[in-house]
Amino acid sequence: MPLLPSLPTWQTSPSWPNVSPNSGNWGFLGNKKKGAPGALLREAGSRQLNFLRLLTALGCREPCCKCRLYEWFGPNPDLSGGSVPKYSFEGESIDYARDCAVIHVISDSLGETASSVVTAAAAQFPLGDVHIKRLPKLTHVRQVIDYFDSLSDDAKNHPTAVFHTIVDPSLRREVRRELDRLEIPSVDLLGPGIAILSSLTGKEPAGVPGINHEADDRYFRRIESMEFFVEHDDGRNPQELDLADIVLIGVSRTSKTPLSMYLAFMGYKVANVPLALGVEPPIELENVDPSRIFGLMSTTDTLVSIRTRRLSKDGASDYAASYADPAEVVAEQAEARKLMRHLGCMIINTSGKAVEETANDIINQIEELKRIRAEYAAREAAGK
Numbered sequence: 145m146p147l148l149p150s151l152p153t154w155q156t157s158p159s160w161p162n163v164s165p166n167s168g169n170w171g172f173l174g175n176k177k178k179g180a181p182g183a184l185l186r187e188a189g190s191r192q193l194n195f196l197r198l199l200t201a202l203g204c205r206e207p208c209c210k211c212r213l214y215e216w217f218g219p220n221p222d223l224s225g226g227s228v229p230k231y232s233f234e235g236e237s238i239d240y241a242r243d244c245a246v247i248h249v250i251s252d253s254l255g256e257t258a259s260s261v262v263t264a265a266a267a268q269f270p271l272g273d274v275h276i277k278r279l280p281k282l283t284h285v286r287q288v289i290d291y292f293d294s295l296s297d298d299a300k301n302h303p304t305a306v307f308h309t310i311v312d313p314s315l316r317r318e319v320r321r322e323l324d325r326l327e328i329p330s331v332d333l334l335g336p337g338i339a340i341l342s343s344l345t346g347k348e349p350a351g352v353p354g355i356n357h358e359a360d361d362r363y364f365r366r367i368e369s370m371e372f373f374v375e376h377d378d379g380r381n382p383q384e385l386d387l388a389d390i391v392l393i394g395v396s397r398t399s400k401t402p403l404s405m406y407l408a409f410m411g412y413k414v415a416n417v418p419l420a421l422g423v424e425p426p427i428e429l430e431n432v433d434p435s436r437i438f439g440l441m442s443t444t445d446t447l448v449s450i451r452t453r454r455l456s457k458d459g460a461s462d463y464a465a466s467y468a469d470p471a472e473v474v475a476e477q478a479e480a481r482k483l484m485r486h487l488g489c490m491i492i493n494t495s496g497k498a499v500e501e502t503a504n505d506i507i508n509q510i511e512e513l514k515r516i517r518a519e520y521a522a523r524e525a526a527g528k
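Remember, the working numbering sits 144 above the position in the sequence shown when you count from 1.
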């Protein structure tokens, strides 16, 4: 039986209120089946579901994957064949007989930054080789001493390291001295960065833990952008396209919706418009600044493969003759490219690229254009 995490109850979406991994009260993708996490994951594997879709089903509202389940199972676990990855997380007993490394994340805030770094690094190794335990809200070095004293002898003799993000410089020094005394390797993820920025700016750091978790303008903008995405996904409310920071257009299965969701989480108001043969695109596209429109294209083979798999899962294989027909896909993309050229928008090939990569291309383009326009406006204001 795989190790299960000991996590607090989550307040998830309305479909799954007060769900915790050990409660047995796990809804799944809208159906009424119940079961332990292992059963749920086996069902996910049997359906060949994307892991991010599974997280979404469990109430994860962060596409950036800071969800604790993501940290538990790693970035892309193999769920095929109904296999359940073995991974333990904070508070759960670890099978120290196994050949695995245990990383203790210590922070005077929540420890999310360090956990994200460890998770990204652990992705380079086989699943189950790295286990993460977290000690958040650190206020005194005594907590570190008590924490390691409480570990079993097996745990103390196991390959161990500490990744820490501690803002308070004096507390950071004390923790480092204690870890040196215990002969535990440690990685300071925050100190060097703060020192460099202080040197570059000539200013002293605020020294406030968790300052990036405070509810500020960025947080409220993110909420607003996520709401905008929901209301303008898949061609909804085309009369408001001019209100979007980014408008994505493309044929079916070019990643419009997942890309829109990711960009919305980054704080951009995103609308997306599907393009199909025989269907006139909304006239409102003509009134949108071309620099804010991005046309998504893919290869014929990629689209045919994705569409065929989608239709076979949905039991609509009879319809696949047209929807996934290579000639039909070529015609669709040719018509879409013609529109994109007419609009004068940037065209991006999404084939073989992660959503994050495509989003980065779009964000870089938008921010560069903002910079150029700001410089031009400054020169105009100066009379140059």
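Glycine is no exception: its CB is placed at the ideal position from the N, C-alpha and C atoms.
- According to the DSSP assignment, G337 belongs to no beta strand (DSSP E) but to the alpha helix (DSSP H) extending over 335-345.
- A distance below 7 Å between beta-carbons, with the five flanking residues on each side excluded, links N381 to the following residues of its chain, in chain order: E375.
- Annotation: E501 to S294 spans about 43 Å, alpha carbon to alpha carbon.
- Closest in C-alpha terms to S399, from the list A415, L385, A388, comes A415.
- Looking at the backbone, the Cα of I492 and that of N431 are separated by about 21 Å.
- Excluding sequence positions up to five before and after G335, its CB lies within less than 8 Å of the CB of I310, P313, R316, all in the same chain and listed in chain order.
- Annotation for P418: no alpha helix (DSSP H) segment contains it, though the beta strand (DSSP E) segment containing it runs 414-418.
- V331 places its beta carbon 9 Å or farther from that of F292.
- Ranking I506, I250, S396 by CA distance to the CA of Y412 puts I506 first.
- The three-state secondary structure of H308, taken from DSSP, is strand.
- Partner residues in the beta bridge of I247, as assigned by DSSP, are I276, A305.
- Around the CB of L429, 16 or more other CB atoms lie within 10 Å, so the residue is classed as buried.
- DSSP, read as helix, strand or coil, puts L271 in coil.
- Residue environment: R485 is assigned as exposed (fewer than 16 neighbouring CB atoms within 10 Å of its CB, all protein chains considered).
- Apart from the 5 residues on each side of it in sequence, E348 sits with its Cβ closer than 8 Å to the Cβ of S342 in its chain, given in chain order.
- Its chain contains P349 as the residues whose beta carbon lies nearer than 6 Å to that of I338, once the 5 sequence neighbours on both sides are disregarded; these appear in chain order.
- Annotation for N504: the continuous alpha helix (DSSP H) segment containing it runs 499-525.
- When rounded, the separation of the alpha-carbon atoms in V261 and L421 is 45 Å.
- Two segments are said to touch when three or more pairs of C-beta atoms, one from each, lie closer than 8 Å; by this definition the region 247-254 touches the region 266-282.
- Annotated as proximal: V473 and T444, with beta-carbon spacing under 9 Å.
- For the set L513, V423, A526, the Cα lying nearest the Cα of D389 is the one of L513.
- Measuring C-alpha to C-alpha distances from R397 to each of L387, E476, L333, P425 identifies E476 as the nearest.
- For L419 against A480, the beta-carbon gap comes to about 5 Å, under 8 Å, which counts as contact.
- Rounded to the nearest whole angstrom, the C-alpha separation of L385 and C489 is 15 Å.
- Annotation: the continuous alpha helix (DSSP H) that includes V473 extends over 470-487.
- Rounded to the nearest angstrom, the gap between the Cα atoms of A471 and L387 is 36 Å.
- Take the alpha-carbon of F438 and the one of L392: they are about 5 Å apart.
- For I393, there is no enclosing alpha helix (DSSP H); the enclosing beta strand (DSSP E) has its first and last residue at 390-394.
- Put simply, the backbone Cα of V274 is about 23 Å away from that of D290.
- In the structure shown, I492 falls within a strand segment according to DSSP collapsed to helix, strand and coil.
- Of the residues assessed, P329 falls on the exposed side of the cut-off, its CB having fewer than 16 other CB atoms within 10 angstroms.
- With a 10 Å radius around the Cβ and a threshold of 16 neighbouring Cβ atoms, E327 comes out exposed.
- Going by C-alpha positions, C244 is about 39 Å away from M370.
- Between G496 and T452, the C-beta gap is not smaller than 9 Å, which leaves the two residues out of contact.
- The beta carbons of D377 and T401 sit about 6 Å from each other, so the pair counts as a contact at 8 Å.
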